[in-house]
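Visitor: The structure follows.
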Amino acid sequence: MKKIVVSLTLIAALSSCNSVKNMNTSNIADAASLLSSLSSNSTVQQVASLFSLLDTNKDEAIQSTEAIGSVADNFDVLDTNNNSSLNLTELEGILALLK
Ligand SMILES: [Ca+2]
Ligand SMILES: [Ca+2]
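Right, dumping it as structure tokens:
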């Protein structure tokens, strides 16, 4: 009986772990597809959506560890106040870099 409880606890722990992982993976996938759909004609609202998808620790800033693709490639250019993170205004700079 004890063994069964331990196994169930383990399964519960593993599956909760997986669901968190899946959520992050799908956020990154969403962010990547949104990022690839952005162009110089994209709206500030689209950049705001990208911002919230990228900001995985929800501190209202994109750190270099949270940046992907062209945001990561242009991180230093976008970080105009050089504080090693991007606020929404700085992320909007991506639109000017897209052709
Ligand atoms: Ca963040
Ligand atoms: Ca900054």
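The opening residue of the sequence shown carries number 1 in full-length UniProt numbering; numbering runs sequentially from there.
For every residue, glycine included, the Cβ atom is placed at its ideal position computed from N, Cα and C.
Please read these numbers as outputs of a predicted model, since none were measured by experiment.
Based on the DSSP output, what are the partners of L86 in its beta bridges?
Guide: I62
Visitor: Can you pull every residue whose C-beta falls closer than 6 Å to some heavy atom of ligand 1, listed in chain order?
Guide: Ordered along the chain, the selected set is D55, N57, D59, A61, I62, Q63, E66.
Visitor: According to DSSP, is K3 part of a helix, a strand, or is it coil?
Guide: helix
Visitor: Going by C-alpha distance, which of S40, N82, I68, S39 is nearest F51?
Guide: Here the closest residue by C-alpha is I68.
Visitor: Report the residue from V47, S40, L53 whose alpha carbon sits nearest the alpha carbon of S26.
Guide: Restricting attention to V47, S40, L53, the CA atom closest to the CA of S26 is found in L53.
Visitor: Can you tell me where the alpha helix (DSSP H) with I68 in it begins and where it stops?
Guide: Per DSSP, I68 is not a residue of any alpha helix (DSSP H), being assigned neither H nor E.
Visitor: Can you check which of these residues, L8, S40, A29, E90, is closest to N74 by C-alpha distance?
Guide: E90
Visitor: Pull up the CB-CB distance for T56 and N87, whole angstroms please, since I reckon it's below 8 Å.
Guide: Wrong, their Cβ atoms sit about 16 Å apart, outside the cutoff.
Visitor: Would you report the Cα separation of A31 and T9, rounded to the nearest angstrom?
Guide: 33 Å
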